[in-house]
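Asks: One structure coming up, written as structure tokens, with questions to follow.
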Amino acid sequence: MFTDIEKKLKGVAIVNFICGIVIALACLIIMEEAGILIAPAALLTSLISSWFIYAFAELLENTKRISHILQIVFD
106 MFTDIEKKLK GVAIVNFICG IVIALACLII MEEAGILIAP AALLTSLISS WFIYAFAELL
166 ENTKRISHIL QIVFD
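In terms of the numbering used here, the sequence shown is residues 106 to 180.
Okay, here's the thing in structure tokens:
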């Protein structure tokens, strides 16, 4: 469950972004007047949260890489 967590988080970020796009499009289609206001907010929220999740996964990946290099050097 906790192996390769950074790859899983990157996948979650991509799925989150795709779901946000689908929700934004649904808001535009279903709600004619209110959808114009809700859709950009849904899309922006999805984009920003996806960036944070993906950035956290990158930090985890780089931290693992640095830890591995330090273990090789100092063993």
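Note that CB positions come from ideal geometry on N, CA and C, so glycine has one too.
Need the endpoints of the alpha helix (DSSP H) that Glu111 sits in, please.
Replies: Ile110 to Ile135
Asks: Mapping DSSP to helix, strand and coil, what is Phe77?
Replies: Any question about residue 77 goes unanswered here, given that the chain covers just 106 to 180.
Asks: Expressed to the nearest angstrom, what Euclidean distance is found between the alpha-carbon atoms of Asn167 and Pro145?
Replies: 33 Å
Asks: Please report how far the alpha carbon of Ala131 lies from the alpha carbon of Ala162, in whole angstroms.
Replies: 29 Å
Asks: If you pair each beta-carbon of the stretch 142-156 with each one of the stretch 168-175, do three or more pairs fall below 8 Å?
Replies: no
Asks: Give a yes or no on whether the C-beta atoms belonging to Tyr159 and Lys115 are separated by under 8 Å.
Replies: yes
Asks: Does the Cβ-Cβ distance between Ala147 and Ala118 come in under 8 Å?
Replies: no
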